[in-house]
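Notes follow the structure.
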Amino acid sequence: MTQASPTTETGPHPVIGLRREREVLTVALRTNRHVVLEGPPGTGKSTLLRAIAADVGQEVVFVEGNAELTPARLIGQYDPAAVLAGGYVPESFTDGPLLTAMRGSGLLYLEELNRIPEETLNVLITVLTEGEITVPRLGHVRAAAGFRLIAAMNPFDAIGTARVGQAIADRMCRVVLGYQDAAGERSITSAVTAAPADLTALAVRLVRATREHRHVRMGSSVRGAIDLVLLLGGLLEMRGLPGLGADGARETTRDAAHAALSGRIRIADGVERTPESVIDDLLAEVWPEDGPPPAAEEPPPPPGDGGDPGKAEGPPASQAGPESASSLRRDRRAGGARRQTGRREMAARHESFDEVSPEVGEFDEDAFAALMATDADAAAALLTDLALATDRELRAAAQRVAARVFVQVGRVGRTRTRGTRRLVADRRGDGDLDLDRTLDRWDPGRALAPEDLVTRTWTGARRAVCLAVDTSGSMTGLGVAIAAVAAAGVVLTADERLQTSVLTFGREVDVVQRHGQRRAPEDLVQHLITLRGHGMTDLAAALRAVRGQLLPAVADERVAVLLSDCLHTTGDPPETALGGIDRLHVLCPLPTPEAEVAARDLAARGGGTAEMVRSIRDLGPALTRLLD
4 MTQASPTTET GPHPVIGLRR EREVLTVALR TNRHVVLEGP PGTGKSTLLR
54 AIAADVGQEV VFVEGNAELT PARLIGQYDP AAVLAGGYVP ESFTDGPLLT
104 AMRGSGLLYL EELNRIPEET LNVLITVLTE GEITVPRLGH VRAAAGFRLI
154 AAMNPFDAIG TARVGQAIAD RMCRVVLGYQ DAAGERSITS AVTAAPADLT
204 ALAVRLVRAT REHRHVRMGS SVRGAIDLVL LLGGLLEMRG LPGLGADGAR
254 ETTRDAAHAA LSGRIRIADG VERTPESVID DLLAEVWPED GPPPAAEEPP
304 PPPGDGGDPG KAEGPPASQA GPESASSLRR DRRAGGARRQ TGRREMAARH
354 ESFDEVSPEV GEFDEDAFAA LMATDADAAA ALLTDLALAT DRELRAAAQR
404 VAARVFVQVG RVGRTRTRGT RRLVADRRGD GDLDLDRTLD RWDPGRALAP
454 EDLVTRTWTG ARRAVCLAVD TSGSMTGLGV AIAAVAAAGV VLTADERLQT
504 SVLTFGREVD VVQRHGQRRA PEDLVQHLIT LRGHGMTDLA AALRAVRGQL
554 LPAVADERVA VLLSDCLHTT GDPPETALGG IDRLHVLCPL PTPEAEVAAR
604 DLAARGGGTA EMVRSIRDLG PALTRLLD
């Protein structure tokens, strides 16, 4: 129900952070500007406005914007009973929020501006420009000095919203609000809940992590942290648990997080995941199952790492070494997750790190090229780690180089697809003229046009190939590089006779290039190098998803290429999911003896071949043999 009558509020409102935004909005009001506050939910738009209004002694007239806010409800209307008794006199008119603010030197606060119908917004054009409005039968109303319109909107919500017209946008200043930094959100949560510091820190870390997860389009606001703290504290008390260190506290945290956050996050389009599974990912990252609860204060990034202030921090390095249990658990539900790596950790992993990146933000391409020439595997492993560096400039440079280098490696050994050749009709004008089909198409009553010609040309068998990349288990370093090169190689091999698609999987599946779509190999490389392996392996689910990509293809043969050690740890046996796949090939990266046996057995069951990839240089020839 639209709020047609105004609600006025005065008094101080605490504002944490937002210093710059507060200064800009204060000056805008002092200089008689109208303003739209733009930002995701929970960034303090209403609190900021009311605090400034209290500072300058102005009242706020609040109106909720939605599809039911008509011009009459915004402006006001005549009372039918009063009109029958006394006629259309000013006393019979009931002011709406707009006229209340205009007459009373107030601030009109329109919440959810982009949900208001266009015909209602058009009422504001003259008000914003001239400071006046003409109301039928009531007459001319001029705004008193001090009247300002402040609107708020969430630009990230696409449901029930519309684009604000340029006529309105051109008459307002725009102030964009983002989330506070971690310390600010902890302060807000603590001020509202008065909860212990460890509960507050845990809740804020989880909430901030929802904004960084690759499968989440829009994460939770600080309101999620507040609700999580209150629910978690209540559940701990109800279950008789003294704190986060007690047995059962982690499962209690999971229950509270599902309730507080699952309705607040929005999964990205095309990702078949539940919010609860994403929350489980994040909890596993913040609080590993076999580890202690996180510290009350989040540790600062190591000196010189060039961290991005205001963004959610990754887990401490002590919890995320190359072989730590938590690093293999960070994504139990999906095919991978991003975790940025500090300079000290990379220097400990890679002997050549200081040569390739001697200073913060520096990437020495000559040193990297020399390393690539002498030890391609070490160079590829280093490059994939640099692509997730906390050092922003180094990370960006590494991702650019990876896109170029891994695509070049993916081209090695590529040949055109061969197969049984046959004559087929062709409309492109190639080959020999097919006279009979041309005459069938041609209307003798008009001149013969080029598009009427039908020729016959030789073509090979059409095939559809889907590459499924296993991002569970030990998919780190060199394994990630092999996956990126494989994806680039498959996409580069595509032509008129070979259609390709690519997906990643762990326990769940993420389609990164759908069948029938084209994605630049550089884009695929940059996507895959940010994945890290952990969690369970559901090969059967992956093969069913592969079949879903291949079945719609117009092809003579449907081929699956599985890049995996083929050691499934959850789900049905993989051989039960081979239906609809004509041939299954396996690329086994960095194989152990157990993985080599499993890969060869599964490929044999799928009528294909298993190729052992022990070096990044092995991948091009192996992929060529499978696709040739």
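If you read the sequence shown in the numbering used here, its first letter stands for residue 4, the second for the next number, and so on.
By construction, the Cβ of each residue, glycine as well, lies at the ideal position given by its N, Cα and C atoms.
- Taking the Cα positions, V30 is about 27 Å away from R118.
- Inside the region 166-235, DSSP marks whole alpha helix (DSSP H) runs of 4 or more residues at positions 169-172, 185-196 and 200-213, from first to last along the chain.
- In this chain, P295 is not harboured by any alpha helix (DSSP H), its DSSP state being neither H nor E.
- Residues A580 of the same chain have their beta carbon placed closer than 8 Å to that of R547, with the five preceding and five following residues left out of the count.
- By the neighbour-count criterion, in which 16 or more other beta carbons inside 10 Å mark a residue as buried, H571 falls on the buried side.
- V219 is a Cβ neighbour of I270, given a cutoff of 8 Å.
- Beta bridge pairing from DSSP links H143 with T137.
- Inter-residue distance for R608 and L587 is about 8 Å (C-alpha atoms, whole angstroms).
- Counting only runs of at least 4 residues, the region 459-528 fully encloses the following alpha helix (DSSP H) elements, listed from N- to C-terminal order: 481-496.
- Within the same chain, and ignoring the five residues on either side of V179 in sequence, the residues whose Cβ sits closer than 7 Å to its Cβ are E41 and G42.
- Minimum Cα-Cα distance from P100 among the listed residues Y112, G90 and T277 corresponds to Y112.
- Bounds of the beta strand (DSSP E) holding I153 are R151 to M156.
- Taking the Cα of R145 as reference, the smallest distance to any Cα among R151, L152 and I136 is reached at I136.
- In this model, D357 and G492 are separated by some 30 Å (Cα to Cα).
- E614: not part of any alpha helix (DSSP H); member of the beta strand (DSSP E) spanning A613 to V616, first to last residue.
- Remark: fewer than three beta-carbon pairs, one from each stretch, lie closer than 8 Å, so the region 185-198 and the region 273-288 are not flagged as touching.
- M156 is classed as buried because its beta carbon has at least 16 other beta carbons within 10 Å across all chains shown.
- Within the DSSP bridge table, the entry for R586 names V562 as partners.
- Under the DSSP assignment, V557 falls outside any alpha helix (DSSP H); it carries neither an H nor an E label.
- With contacts defined by Cβ atoms closer than 8 Å, L481 and I619 form a contacting pair.
- In the DSSP assignment, F366 falls outside any alpha helix (DSSP H) and carries neither an H nor an E.
- Around the beta carbon of G107, 16 or more other beta carbons lie within 10 angstroms, which makes this residue buried.
- Counting the other Cβ atoms within 10 Å of the Cβ of D513 gives 16 or more, which makes it buried.
- Contact between A154 and L116 holds, since their C-beta atoms are separated by about 4 Å, short of 8 Å.
- With respect to the 8 Å criterion, E614 and L593 are not classified as neighbours on the basis of their beta carbons.
- According to the DSSP assignment, G79 belongs to the beta strand (DSSP E) that extends over G79 to Y81.
- Per the coordinates, the alpha-carbon of Q516 lies some 51 Å from the alpha-carbon of N35.
- Note on D173: under 16 other CB atoms within 10 angstroms of its CB, so exposed under the neighbour-count rule.
- Within the model, the alpha-carbon separation for R510 versus S567 is close to 13 Å.
- Spanning the alpha carbons of D184 and V225 requires a straight line of approximately 11 Å.
- Judged by their CB atoms, L202 and L234 are not nearer to each other than the 8 Å cut-off.
- In the three-state DSSP reduction, I619 falls in the helix class (H, G or I).
- Burial state of R53 is buried, judged by a 10 Å Cβ sphere holding 16 or more other Cβ atoms.
- Partner residues in a beta bridge of T627, as assigned by DSSP, do not exist.
- The residues D541, A543 and A544, in chain order, have a CB closer than 6 Å to that of G574 in the same chain once the five nearest residues on each side in sequence are set aside.
- Look at E114 here: in three-state DSSP terms it is strand.
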